[in-house]
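Trainee: Could you have a look at this structure, given as structure tokens, before my questions?
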Amino acid sequence: MNNKKSFKIVLLGEGRVGKTSLTLRFIKDVFDDNQQSTIQATYLQKDIIVGNQQVTLSVWDTAGQERFHALGPIYYRNADGALLVYDITDQDTFDRAKTWVMELRKVLGDDIVITIVGNKCDMIKHRQVSEEQALEYAQSVGANHLLVSAKANKNVAESFLDLTKRILEKKANTPMGGSPQAHRASVRMSTRGVSGLTIQENPNQKPVNNRISSRVSGLTITDEEPKKTDNGTCCK
């Protein structure tokens, strides 16, 4: 097993598109139909294995409401990748996603790794954004695109793993090959979650600081960013 790596991932998108639901589904395999909108950024940590590489993900869930947009650069500075979320039943959330990409690149540069996800694909009959439209835009900005559903637990882990795998590729500057759909074959499940994927929780994880708002079984939720070491990885 290679030395553990640590990456910061931010979730961006308009309010009510399901960023928090996607995060909690990935981290703890839970879903709440009455999930409240995030009003401040929090981060949650998750240990996973991609191939033979251990990775700690610090997943930042940001508020998407208009009044919080100015705070965006504060939360996604030093991010290694971004999961850009829109609601397939709301065209406006997709149109506004393009603004998020521009803002993100303004702060982090054009080579920031992005995966665009269309949430609520369980409501396909009500879709306003075609998959062709989304794919065309994703390709134009060098991003991957997946349709996901936090409620139905479809492609949730795949979206995080796609982003993580591409970050690893970028850091190593060596293609690892495969498509987002191929992650099922390269990553194994060790606890619970999506069949065929490896998502390992760390039951011994300690709070990062004293400003913990919630912590359960390897899940840390706080409102402060973990410190960085000189090599750019998060301290454990």
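Under the UniProt record's numbering, the first residue of the sequence shown is numbered 1, with each subsequent residue one higher. The C-beta atom is built at its ideal place from N, Cα and C for all residues, glycine as well.
Can you tell me the Cα-Cα spacing of residue 29 and residue 106, whole angstroms?
Mentor: The straight-line gap from Cα to Cα measures roughly 33 Å.
Trainee: Applying the 10 Å Cβ sphere with the 16-neighbour rule, what's the burial state of residue 145?
Mentor: The residue in question, residue 145, is buried, as its Cβ has 16 or more Cβ neighbours within 10 Å.
Trainee: Here's the rule: buried if 16 or more other CB atoms are within 10 angstroms of the residue's CB, otherwise exposed. What is residue 61?
Mentor: The residue in question, residue 61, is buried, as its Cβ has 16 or more Cβ neighbours within 10 Å.
Trainee: Which first and last residues belong to the alpha helix (DSSP H) in which residue 112 is found?
Mentor: Note, residue 112: premise wrong, no alpha helix (DSSP H); not H, not E.
Trainee: Are the beta-carbon atoms of residue 88 and residue 118 separated by less than 8 Å?
Mentor: Against a cut-off of 8 Å, the Cβ pair of residue 118 and residue 88 comes out as a contact.
Trainee: Cα-Cα, which of 92, 155, 129 and 173 is closest to residue 322?
Mentor: The structure shown does not extend to residue 322, since the chain is modelled only from 1 through 236, so no value can be given for it.
Trainee: Tell me the rounded alpha-carbon separation between residue 254 and residue 26.
Mentor: Only positions 1 to 236 of the chain appear in this structure, which leaves residue 254 out of reach.
Trainee: Quick test of your reading: residue 14 and residue 96, contact by CB under 8 Å. State the CB separation rounded to the nearest angstrom.
Mentor: Yes, residue 14 and residue 96 are in contact; Cβ-Cβ is about 5 Å, under 8 Å.
Trainee: What did DSSP end up calling residue 88 once you bin it into helix, strand or coil?
Mentor: Of the three classes helix, strand and coil, the one that applies to residue 88 here is coil, per DSSP.
Trainee: To the nearest angstrom, report how far apart residue 86 and residue 134 are at their CA atoms.
Mentor: For residue 86 and residue 134, the distance between alpha carbons rounds to 10 Å.
Trainee: Where residue 220 and residue 169 are concerned, what is the direct C-alpha to C-alpha distance, given to the nearest angstrom?
Mentor: Model confidence at residue 220 stands at a pLDDT of 35, short of 50, so the residue's coordinates are unreliable; what they give is reported in the following sentence. Residue 220 and residue 169: Cα-Cα distance of roughly 27 Å.
Trainee: Nearest to residue 21 by alpha carbon, out of 151, 116 and 47?
Mentor: Checked all of 151, 116 and 47; the closest Cα to residue 21 is 151.
Trainee: What is the rounded straight-line gap between the Cα of residue 4 and the Cα of residue 53?
Mentor: Their Cα atoms are separated by approximately 7 Å.
Trainee: Which residue's Cα is closest to the Cα of residue 43: 50, 19 and 31?
Mentor: Answer by Cα proximity: 19.
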